[in-house]
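K.L.:
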DNA sequence: AAATTATGTTACAATTGTATTACAATCGTT
DNA sequence: AACGATTGTAATACAATTGTAACATAATTT
């Protein structure tokens, strides 16, 4: 999952289309059709990117933009507007919008811009550390008590998932679907990767017999 | 060529005059008569100096100023305004304008100020260096431990992107969209360019199997 | 304790991804 | 239009990863 996008758009046909495209691109999204719902959702969760329509039934996306930029400056805002409303564009940009897309837009283009925004956002070094392990999501570096470990992609993904869910018991199915995308079927692949991680020195990987594994703190 | 100037001015008589004068002074310029055109041009090219009228048919030069200063802080902005509008002047300077010229102005004086701005701007380092590599964004020169490398445009763009994002793992997807504008599709072009850079001596380009590349420090 | 089931580990093969060369298409000049 | 430079494609060779099979070992159930 590459990030989270909140979509504020009252035309369900449009927001639906966007959602489908984001799903296909492995980007998690939530759609809202009123300013009220949107702001309410912001209380409990902060997305990486906000996609804001300007004309909404209960307010203006420009006001939302202003609010978001004030309260959550790390959220990247992309405005959507009706064709020709160039004054909105200037206004939006001056209020701190990061990008701008005019309707009608190509879903492909929009997705590309969202991807770019997510990338830009990620430029802030994001680290994750649990116990004596520390991983850097940007550089894909892993340190165990300060020493660099060389992991390949699957090993890294798996370790990342373990660390993000440290303490929880993770079933084999969960891991297989999250990391491998397997829906079902029997495989020993997971055991294998766990074994490799252990051999590299990751000691806090407990096996939960009959269920799966647990990354302990 | 001493630099590039973008002129945003809706009176064609004035912008024409400015352009002629700049041409004579070996300064490259592009003129725009609407905010829309101006912002659009900014997407693909960043000038050294922006000359901004304030009253425009589709917006205010002050909004443009704010936007430019935010997104391209190295661009030097000179405001143009009708005589007597002192409040604009104050407002503009508070938004980060570098200089201010009142209409009607002497073309000679304006040109002098632009020259001064270009000189000042040149002083700002437009260099980027990481490890033993140094690139000059103006002249497109590249030095590897002091020795000049000859790169062509794509090689330069790619290296620049790598250096700007040194340390981060850059996916093939990201590089292809950022440098090539590809939205999807499979290509070996990227591998090729990386290979060329390496052959030229750029040694700190790591391949991250299954994902992309990383420019290490 | 034997039988059954689940996991650990190793080695290897299949798969997938990359490097590099040579060449073709394209672009920008003249 | 023709030239040279640049940039993308195809093809080949090569390398890394990752899933599978096989067998060993451990845990659970009977």
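Chains as they are written, first to last, in the numbering used here: chain A, 84 to 300; chain B, 84 to 300.
The beta carbon of each residue, even a glycine, is placed where N, CA and C say it ideally should be.
Keep in mind the model is a prediction, meaning the values are calculated, not measured.
Tell me the rounded alpha-carbon separation between residue 108(A) and residue 135(A).
P.N.:
Counting from one through the first chain, the residue named residue 108(A) turns up at place 25. Counting from one through the first chain, the residue named residue 135(A) turns up at place 52. Taking the straight line joining both Cα atoms gives about 19 Å.
K.L.:
Using a C-beta cutoff of 8 Å, does residue 236(A) count as contacting chain B?
P.N.:
To locate residue 236(A), count along the first chain from 1; it is residue 153. Taking Cβ atoms only, chain B reaches closer than 8 Å to residue 236(A), which makes this a yes.
K.L.:
Between residue 216(A) and the rest of its own chain, which residues show a CB-CB distance below 6 Å, the 5 nearest in sequence each way excluded?
P.N.:
Here residue 216(A) is taken as the residue at index 133 of the first chain, counted from 1. Contacts found: 227.
K.L.:
With the cut-off set at 8 Å, would you say residue 210(A) and residue 219(A) are in Cβ contact?
P.N.:
Against the first chain, residue 210(A) aligns to sequence position 127. Against the first chain, residue 219(A) aligns to sequence position 136. Yes.
K.L.:
Pull out every residue of the segment 283–299 of chain B whose Cβ sits closer than 8 Å to any Cβ of chain A, in chain order.
P.N.:
291, 292, 293, 294 and 297
K.L.:
Could you list which residues in chain B have their beta carbon closer than 7 Å to that of residue 223(A), in chain order?
P.N.:
Residue 223(A) sits at position 140 when you count from the first residue of the first chain. What residue 223(A) touches in chain B: 252 and 291.
K.L.:
With residue 265(B) as the anchor, note down where its beta strand (DSSP E) starts and where it stops.
P.N.:
Position 182 of the second chain holds residue 265(B). Neither: residue 265(B) is in no beta strand (DSSP E) and is coded neither H nor E.
K.L.:
Which chain B residues are close to residue 271(A), counting only those with a beta carbon under 8 Å from its beta carbon?
P.N.:
In the first chain, counting from the first residue as 1, residue 271(A) sits at position 188. Result: empty, since nearest Cβ-Cβ is about 21 Å, beyond 8 Å.
K.L.:
Give a yes or no on contact between the segment 87–97 of chain B and the segment 276–288 of chain A, applying the rule of three or more CB pairs nearer than 8 Å.
P.N.:
no
K.L.:
Just grab the DSSP bridge partners of residue 301(A) for me.
P.N.:
For residue 301(A) there is no data in the structure shown, the boundaries of chain A being 84 and 300.
K.L.:
From 110(A), 299(A) and 157(A), pick the residue whose C-alpha is nearest to that of residue 251(A); which is it?
P.N.:
Along the first chain, one-based indexing puts residue 251(A) at 168. Comparing Cα positions, the closest option is 299(A).
K.L.:
Give a yes or no on whether 8 Å exceeds the smallest Cβ distance from residue 202(A) to chain B.
P.N.:
Looking up residue 202(A) in the first chain gives position 119. With 8 Å as the cut-off, residue 202(A) counts as an interface residue toward chain B.
K.L.:
Can you name, in chain order, every residue of its own chain whose Cβ lies under 8 Å from the Cβ of residue 244(B), other than the five neighbours on each side?
P.N.:
Here residue 244(B) corresponds to residue number 161 of the second chain, with the count starting at 1. Excluding sequence neighbours, residue 244(B) sits near 253, 258, 261 and 262.
K.L.:
Comparing alpha-carbon positions, which option in 212(A), 247(A), 291(A) and 202(A) lies nearest residue 256(B)?
P.N.:
One-based indexing of the second chain puts residue 256(B) at position 173. Answer by Cα proximity: 202(A).
K.L.:
Quick one: give me the first and last residue of the beta strand (DSSP E) that residue 289(B) is part of.
P.N.:
The residue given as residue 289(B) occupies position 206 in the second chain. 288–291 is the extent of the beta strand (DSSP E) around residue 289(B).
K.L.:
Run through the DSSP bridge pairs and tell me what residue 112(B) is partnered with.
P.N.:
The sequence position of residue 112(B) within the second chain is 29, counting from 1. In the DSSP output, where bridge partners are listed per residue, residue 112(B) has 88(B).
K.L.:
Would residue 88(A) pass as a contact of residue 132(A) if the rule is Cβ separation under 8 Å?
P.N.:
Along the first chain, one-based indexing puts residue 88(A) at 5. Along the first chain, one-based indexing puts residue 132(A) at 49. Cβ atoms of residue 88(A) and residue 132(A): closer than 8 Å.
K.L.:
Strictly below 9 Å CB to CB, what residues from chain B border residue 199(A)?
P.N.:
For the purposes of this step, residue 199(A) is identified with residue 116 of the first chain, where counting begins at 1. Neighbours of residue 199(A) on chain B, chain order: 257, 260 and 261.
K.L.:
Does residue 266(B) come within less than 8 Å of chain A when only Cβ atoms are used?
P.N.:
Start at 1 with the first residue of the second chain, and residue 266(B) comes out as number 183. Taking Cβ atoms only, chain A reaches closer than 8 Å to residue 266(B), which makes this a yes.
K.L.:
Please list the terminal residues of the continuous beta strand (DSSP E) segment that includes residue 133(A).
P.N.:
Taking the first residue of the first chain as 1, we reach residue 133(A) at position 50. Start and end: 132–136.
K.L.:
Among the residues of its own chain, which have a CB less than 7 Å from the CB of residue 238(B), if the five just before and after it don't count?
P.N.:
Along the second chain, one-based indexing puts residue 238(B) at 155. Excluding residues within five positions, the ones whose Cβ falls inside 7 Å are 276, 279 and 280.
K.L.:
Quick check: the Cα distance between residue 39(B) and residue 214(B), rounded to an integer number of angstroms?
P.N.:
The structure shown does not extend to residue 39(B), since chain B is modelled only from 84 through 300, so no value can be given for it.
K.L.:
Can you give me, in chain order, the residues of the segment 183–196 of chain A that have a beta carbon less than 7 Å from any beta carbon in chain B?
P.N.:
From the segment 183–196 of chain A, only 191 and 195 have a Cβ closer than 7 Å to chain B.
K.L.:
Can you tell me which of 194(B), 149(B) and 178(B) puts its alpha carbon nearest to the alpha carbon of residue 184(B)?
P.N.:
Taking the second chain and counting its residues from 1, the one referred to as residue 184(B) is at position 101. Nearest option by C-alpha distance: 194(B).
K.L.:
Would you tell me roughly how many angstroms separate the C-alpha atoms of residue 186(A) and residue 100(B), rounded to the nearest one?
P.N.:
Indexing the first chain from 1 puts residue 186(A) at position 103. Indexing the second chain from 1 puts residue 100(B) at position 17. Cα to Cα, residue 186(A) sits roughly 37 Å from residue 100(B).
K.L.:
Please report the distance separating the alpha-carbon of residue 111(A) from that of residue 160(A).
P.N.:
Walking along the first chain from the start, residue 111(A) turns up at place 28. Walking along the first chain from the start, residue 160(A) turns up at place 77. Cα to Cα, the separation comes out at about 16 Å.
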